[in-house]
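**Student:**
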Amino acid sequence: MATSRSTTTVSTKGQVILPSALRARRAWPPGTRLIVEETSDGVLLRAAPSFDPSAVDDVFGCLRGEGRALTIEEMDAAIAEEAARQHGRD
């Protein structure tokens, strides 16, 4: 992406208005949460993820399964079958 330059002003409340063209290119609508990171070159803004990171242990078992649990061998066979179907391989 090409670098663009413009100027803005910090308000008395510490607010900064980002140019509308930049917000449009970044798809940052009103209410977008941004991560503000101080770097040696200045300040970096990045869109914050929609959800906080989570560990597998935090979410394991959240979804209900239907029927009996599959064995590891059955899961491996299903994965191999789907990979063959998608990629035309056996």
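Per our numbering, residue 732 is the first one in the sequence shown, and the count goes up by one each step.
Cβ coordinates follow ideal geometry from the N, Cα and C atoms, glycine included.
#1: At which residues does the beta strand (DSSP E) containing Arg-777 begin and terminate?
#2: Residue range of the beta strand (DSSP E) that Ile-766 falls in?
#3: Smallest Cα separation from Pro-760: which of Glu-769, Ala-778, Asp-772, Asp-789?
#4: Can you grab the Cα-Cα spacing for the pair Leu-749 / Ala-800, in whole Å?
#5: Per DSSP, Val-787 is paired with what?
#6: Would a C-beta distance cut-off of 7 Å place Thr-823 and Val-747 closer than the cut-off?
**Tutor:** Per the coordinate set shown:
#1: 773 to 778
#2: 765 to 770
#3: Ala-778
#4: 51 Å
#5: Val-787 pairs with nothing; no bridge assigned.
#6: Outside the shown range of the chain (732 to 821) lies residue 823, about which nothing can therefore be said.
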